[in-house]
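Participant: Here the sequence shown stands for residues 0 to 149, numbered as in numbering that gives the first Met the number 0.
Just so you know, even glycine gets a beta-carbon here, dropped at the ideal spot from N, CA and C.
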Amino acid sequence: MGVNPREYDPTELRSLAGIAEPEVRSTATVKKSLTAEESVRAQQFKELLALRTKKAADGLERPYLRTIPDTDLGRRLLYDWVEFLTLVGGHAEARTALRYYKQLGWITPAIQHTISGEVGSLPEPVHARSFEIGDHRLSLLYIATLASLS
Numbered sequence: 000m001g002v003n004p005r006e007y008d009p010t011e012l013r014s015l016a017g018i019a020e021p022e023v024r025s026t027a028t029v030k031k032s033l034t035a036e037e038s039v040r041a042q043q044f045k046e047l048l049a050l051r052t053k054k055a056a057d058g059l060e061r062p063y064l065r066t067i068p069d070t071d072l073g074r075r076l077l078y079d080w081v082e083f084l085t086l087v088g089g090h091a092e093a094r095t096a097l098r099y100y101k102q103l104g105w106i107t108p109a110i111q112h113t114i115s116g117e118v119g120s121l122p123e124p125v126h127a128r129s130f131e132i133g134d135h136r137l138s139l140l141y142i143a144t145l146a147s148l149s
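Structural data, given as structure tokens:
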């Protein structure tokens, strides 16, 4: 009959060897470090929450984005958002995302139409992918920021 070391009780073996029990650290106190992307997404979520809280006090209603701000900052932010949508999903996925945002009541049909036209003005990316939840959250941050400038 062979002896299987896996069947031994570790506590009994430590006791026989005169070794103290190892200190058990709670996993609740160990803080997981975030990757760079997770850190950026967490910061974006905090900003979105702050904007949403401010707008809730002001009586925010859907659609959140009804007009595009007619300022340099508003136009720049809109361009950044269109660029983001296009770089992530390409023309087709960006337009699909805009339809989705209209269905959710984040943007008006007029905003969807305007931004869909802007999407076509940018070159198609080499590596497009489907939108993930973090991408939609970032879009909502763009929408909330643009709405706060209106």
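Could you tell me if glycine 119 is buried or exposed, where buried requires 16 or more neighbouring beta carbons within 10 angstroms of its beta carbon?
Facilitator: exposed
Participant: Quick one: residues in its chain with C-beta nearer than 6 Å to the C-beta of tryptophan 80, no 5 flanking neighbours on either side, listed in chain order?
Facilitator: The residues Tyr141, in chain order, have a CB closer than 6 Å to that of tryptophan 80 in the same chain once the five nearest residues on each side in sequence are set aside.
Participant: By DSSP, does leucine 64 sit in helix, in strand, or in coil?
Facilitator: strand
Participant: Taking 6 Å as the limit between beta carbons, can you name the residues of its chain near tyrosine 63, skipping five residues before and five after?
Facilitator: Trp105, Ile142, Ala146
Participant: In whole angstroms, give me the CA-to-CA distance for glutamate 60 and threonine 107.
Facilitator: Here the C-alpha atom of glutamate 60 lies approximately 12 Å from the C-alpha atom of threonine 107.
Participant: Across which residues does DSSP place isoleucine 106 in a beta bridge pair?
Facilitator: Leu64
Participant: Express the C-alpha separation of alanine 127 and valine 87 in angstroms, rounding to a whole number.
Facilitator: 5 Å
Participant: Could you name the residues of the same chain whose beta carbon sits closer than 7 Å to that of histidine 90, not counting the 5 residues immediately before and after it, in chain order?
Facilitator: Val118, Gly119, Glu123
Participant: With burial defined as no fewer than 16 other Cβ atoms inside 10 Å of the residue's Cβ, what is the status of serine 138: buried or exposed?
Facilitator: buried
Participant: Note down, in chain order, each residue of its chain lying with its Cβ closer than 6 Å to the Cβ of arginine 65, except the 5 sequence neighbours on either side.
Facilitator: Thr107
Participant: With a CB to CB cut of under 8 Å and the five nearest residues on each side skipped, what residues in its chain are close to leucine 72?
Facilitator: Leu148
Participant: Count the other CB atoms, across all protein chains shown, that sit within 10 Å of the CB of arginine 94; report buried if there are 16 or more and exposed otherwise.
Facilitator: Flag for arginine 94 reads buried.
Participant: Below 7 Å between beta carbons: does that hold for isoleucine 67 and leucine 76?
Facilitator: no
Participant: Could you check where the alpha helix (DSSP H) with histidine 126 kicks off and where it finishes?
Facilitator: That residue, histidine 126, is in no alpha helix (DSSP H); it is neither H nor E in DSSP.
Participant: What separation, rounded to the nearest whole angstrom, lies between the Cα atoms of glutamine 43 and glutamate 36?
Facilitator: Distance from the CA of glutamine 43 to the CA of glutamate 36, rounded to the nearest whole angstrom, comes to 10 Å.
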